[in-house]
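Reminder that position 386 of the sequence shown reads as 386 in UniProt numbering, one-by-one numbering, no gaps. Every residue, glycine too, gets a C-beta built ideally from N, C-alpha and C. All of these numbers come straight from a predicted model, not from anything done at the bench. First up is the structure itself, then whatever we jot down about it.
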Amino acid sequence: MPVRKRAPKQHPLYAKRPRPSVAAPLANADSDHSDDVIVIAATLAPAVNDKPHSRPSFDVSRLPSDALSRVLSFAVPGYVPVPGCVPKYPCLPVRKLSNVASVSTAWRDAIRKVIQNFRVANLDWTLVAADEEEEYEMLQEEVERRGDQLRSIRIRIDGDAKPADVEWGQVFAACPRLERLDLRDVPLESSLLGLVLGAGSSHCRDMKALILPKRSVSSKATRKVIRANYEKLYQALEKWSPLSSDDTTATGLKQLTVSDRWEDEYLAPSADFLAAITEFCPSLEYLDGWKHAYNVDDFVECDEKWYIPPSTWRQFWESAAGTSLREFNWAVAPFHDAYFQLFAEVLKPNLRHLCLTVSESWTWDDFKVPEDEDELLGAVIAPPTSETLCSVTKAVPQLEQLYVIFHSGIEDPASVDVEAFGDPFL
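Dropping the structure here:
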């Protein structure tokens, strides 16, 4: 009787994959290890008729609109959505977004929705004097149509339009989720400004950004209105304060733009202005009115100036508003060693951008220092020393950008000691 040779023992992991044939599993039926080989081969290799697994595609349409807008704000240059636009202005670069929309049908539909939401969330309205009453009615209807989807509104006054018999309370009551109120094109000397601030602060309690205008005319007749409008501003800041809200998540304003205040110093003292911010704006990140009154050419000029005594300066930087700021330009402040010392005493964990410069717009005639603080100042102008400047850098541990700007005509060391900004400071 012939002897049958036993098949050599083979480790199951190295077993050859059977051919795609019905008879394949029976090829080694006489082998003692045939069952092992067949089972392991079947486990490691997919069935002949199985389709390869593919990774599921990402459905962009399922991403929440706010989340998608935030992603696009990083990916698309110039796109600034609302909410979340602080400190920039809302911007919709349709041409650049269309490039993203061309990727696929899903992205096309998503971008179409983003554009639609942006246009609903932002309203830019001009009030024309010729059709004043009709314009106010159309504005109210448009706001009511958008409702709580409206997040940003910019109001313009064209020509000699004056406040008509309009219920501003009804206008702002229709958009309770408004986050950005842009009034830079409403004259500061117009009583309309005070009405809008009063109604907006009463009905839109989630306000994050307020942009106010410069004065457009100079007249004694406008002083009373301007003073009243500043009082309306302080009252609005109080209403928007987290202390006035029952919502524990309320933060108050994050951006306040009040520019070119120097001409109204006698109407709204800087000390009162900063005191209101100190008390009512604990989460303020951008106090950037200086950007609209700032010019760098052969000289540095800024018509936004804070005529404040050292005590007010200290209180501001010690407050939550001071420590929350993300940027500051020294052009608005006295270029005095005492102010630099007080600035350096308080840690500013959120400050990212700092500009140290001297504004040629500064005049000291209107700058009054309380008698009990005369000794602190000693002199009207006293540039910071190198030691003081070095201590300033220690107070801003998270600083990302530092600008030191001097004009070419600085030669008087009594105004600026350029040597103080030498190697120890750098």
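From the DSSP output, in three-state form, read off residue 36 for me. Sequence index remark: in the sequence shown, residue 36 carries index 36 (1-based). Its pLDDT being 36, under 50, residue 36 is placed unreliably in this model, and the value from its coordinates should be taken loosely. Correct three-state label for residue 36: helix.
Look at residue 318 and residue 353 and say whether their C-beta atoms are less than 7 Å apart. Here residue 318 refers to the residue found at position 318 when the sequence shown is read from its first residue. Here residue 353 refers to the residue found at position 353 when the sequence shown is read from its first residue. No; because the gap between Cβ atoms is not below 7 Å, this pair is not in contact.
Relative to the C-alpha of residue 202, which residue among 171, 222, 144 is closest? Here residue 202 is taken as the residue at index 202 of the sequence shown, counted from 1. Nearest of 171, 222, 144 to residue 202, Cα basis: 171.
Cβ atoms of residue 194 and residue 232: under 7 Å apart, would you say? Walking along the sequence shown from the start, residue 232 turns up at place 232. Walking along the sequence shown from the start, residue 194 turns up at place 194. Taking 7 Å as the Cβ cut-off, residue 232 and residue 194 qualify as a contacting pair.
Helix, strand or coil at residue 154 [DSSP, three-state]: Within the sequence shown, numbered from 1, the residue matching residue 154 stands at position 154. In the structure shown, residue 154 sits in a strand (DSSP, three-state: E or B).
Would you please state the rounded distance, in angstroms, between the beta carbons of residue 72 and residue 114? I believe it to be under 8 Å. Numbered from 1 along the sequence shown, position 72 holds the residue referred to as residue 72. Numbered from 1 along the sequence shown, position 114 holds the residue referred to as residue 114. Going by Cβ atoms, the distance from residue 72 to residue 114 rounds to 7 Å, so yes, they are a contact pair.
Exposure of residue 189, with buried meaning 16 or more beta-carbon neighbours within 10 Å: Indexing the sequence shown from 1 puts residue 189 at position 189. Buried, by the Cβ-count rule.
Give me the residue from 74, 282, 66 with the minimum Cα distance to residue 82. Locating residue 82 in the sequence shown gives position 82, counting from the first residue. The option with the nearest alpha carbon to residue 82 is 66.
CB-CB under 6 Å to residue 175, same chain, minus the five flanking residues each way: which ones, in chain order? Within the sequence shown, numbered from 1, the residue matching residue 175 stands at position 175. Here the set comprises 143, 150.
Excluding the five sequence neighbours on either side, which residues of its own chain have a C-beta within less than 7 Å of the C-beta of residue 427, listed in chain order? Since the first residue shown for the chain is 1 and the last is 426, residue 427 is missing from the structure and cannot be characterised.
Among 293, 242, 256, which one has its Cα closest to the Cα of residue 263? One-based indexing of the sequence shown puts residue 263 at position 263. That would be 293, whose Cα lies nearest to the Cα of residue 263.
When the Cα atoms are used, what is the spatial distance from residue 265 to residue 199? Locating residue 265 in the sequence shown gives position 265, counting from the first residue. Locating residue 199 in the sequence shown gives position 199, counting from the first residue. Their Cα atoms are separated by approximately 26 Å.
With distance defined between alpha-carbon atoms, name the residue in 406, 268, 316 nearest to residue 335. Stepping through the sequence shown from its first residue, residue 335 is reached at position 335. Measuring from the Cα of residue 335, the nearest candidate turns out to be 406.
Tell me whether residue 68 is buried or exposed, calling it buried when 16 or more other Cβ atoms sit within 10 Å of its Cβ. The sequence position of residue 68 within the sequence shown is 68, counting from 1. So residue 68 counts as buried.
Which residue's Cα is closest to the Cα of residue 135: 153, 166, 109? Mapped onto the sequence shown, residue 135 falls at position 135. Of the candidates 153, 166, 109, the one whose C-alpha sits nearest the C-alpha of residue 135 is 166.
Give the DSSP-derived three-state secondary structure of residue 292 in the structure shown. Counting from one through the sequence shown, the residue named residue 292 turns up at place 292. If DSSP states are grouped into helix, strand and coil, residue 292 belongs with the helices.
Nearest candidate by alpha-carbon position, reference residue 213, set 296, 347, 192, 330: Residue numbering aside, residue 213 sits at position 213 when the sequence shown is read from its first letter. For residue 213, the nearest C-alpha among the options comes from 192.
Where residue 235 sits in the DSSP three-state scheme: Working through the sequence shown from its first residue, we reach residue 235 at position 235. Looking at residue 235 - three-state DSSP - the assignment turns out to be helix.
Would residue 127 and residue 157 be called neighbours here (beta carbons separated by less than 7 Å)? The residue you call residue 127 lines up with position 127 of the sequence shown. The residue you call residue 157 lines up with position 157 of the sequence shown. Against a cut-off of 7 Å, the Cβ pair of residue 157 and residue 127 comes out as a contact.
Report yes if the CB atom of residue 267 is closer than 7 Å to the CB atom of residue 215, and no otherwise. In the sequence shown, residue 267 corresponds to position 267, counting from 1. In the sequence shown, residue 215 corresponds to position 215, counting from 1. No.
Residue 387, buried or exposed, once every other Cβ within 10 Å from all chains shown has been counted against 16: The residue labelled residue 387 in the question sits at position 387 within the sequence shown. It is exposed - the Cβ of residue 387 has fewer than 16 other Cβ atoms within 10 Å.
CB contact flag (residue 417, residue 382, <7 Å): In the sequence shown, counting from the first residue as 1, residue 417 sits at position 417. In the sequence shown, counting from the first residue as 1, residue 382 sits at position 382. No, they are not a contact pair.
Go ahead and pull the three-state DSSP assignment for residue 316. On the sequence shown, residue 316 is found 316 positions in, with the first residue counted as 1. Looking at residue 316 - three-state DSSP - the assignment turns out to be helix.
Here's the rule: buried if 16 or more other CB atoms are within 10 angstroms of the residue's CB, otherwise exposed. What is residue 252? Within the sequence shown, numbered from 1, the residue matching residue 252 stands at position 252. Buried, by the Cβ-count rule.
Where the beta strand (DSSP E) containing residue 128 begins and where it ends: Here residue 128 refers to the residue found at position 128 when the sequence shown is read from its first residue. Run containing residue 128: 122-128, per the beta strand (DSSP E) assignment.
So what does residue 203 bridge to, in DSSP terms? On the sequence shown, residue 203 is found 203 positions in, with the first residue counted as 1. Looking at the DSSP assignment, residue 203 forms no beta bridge with any residue, so it has no partner.
Range covered by the alpha helix (DSSP H) that runs through residue 67: The residue labelled residue 67 in the question sits at position 67 within the sequence shown. Its alpha helix (DSSP H) spans residues 65-75.
DSSP state of residue 29, grouped into three classes? Here residue 29 corresponds to residue number 29 of the sequence shown, with the count starting at 1. In this prediction, residue 29 scores a pLDDT of 40, lower than 50, which makes its location untrustworthy; no coordinate-derived value is stated.
Exposed or buried, what is residue 322 when buried is set at 16 or more other beta-carbons lying within 10 Å of its beta-carbon? Residue mapping note: residue 322 aligns to position 322 of the sequence shown, counting from 1. Its Cβ being crowded by 16 or more others within 10 Å, residue 322 is buried.
Assumed close pair residue 305, residue 361 - CB separation to whole angstroms, cut-off 8 Å: Counting from one through the sequence shown, the residue named residue 305 turns up at place 305. Counting from one through the sequence shown, the residue named residue 361 turns up at place 361. Rounded, the Cβ-Cβ distance is 7 Å, consistent with contact.
Residue from 302, 254, 298 with nearest C-alpha to residue 287: The residue given as residue 287 occupies position 287 in the sequence shown. Nearest C-alpha to residue 287: 254.
Using the three-state DSSP reduction, which class does residue 249 fall into: helix, strand or coil? Translated into positions along the sequence shown, residue 249 becomes position 249. In this structure, residue 249 counts as coil in the three-state DSSP scheme.
What did DSSP end up calling residue 136 once you bin it into helix, strand or coil? Position 136 of the sequence shown, counted from the first residue, corresponds to residue 136. In the displayed model, residue 136 falls within a helix according to three-state DSSP.
Give the straight-line distance between the Cα atoms of residue 424 and residue 394, rounded to the nearest whole angstrom. If you number the sequence shown from 1, residue 424 lands on position 424. If you number the sequence shown from 1, residue 394 lands on position 394. Roughly 13 Å between the two C-alpha positions.
Taking 7 Å as the threshold (C-beta atoms), are residue 357 and residue 313 in contact? Reading the sequence shown from its first residue, position 313 is the one you call residue 313. Reading the sequence shown from its first residue, position 357 is the one you call residue 357. For residue 313 and residue 357, no; Cβs fall outside 7 Å.
In the DSSP assignment, find the alpha helix (DSSP H) that holds residue 387 and state where it starts and stops. Mapped onto the sequence shown, residue 387 falls at position 387. Residue 387 -> alpha helix (DSSP H) spans 386-394.
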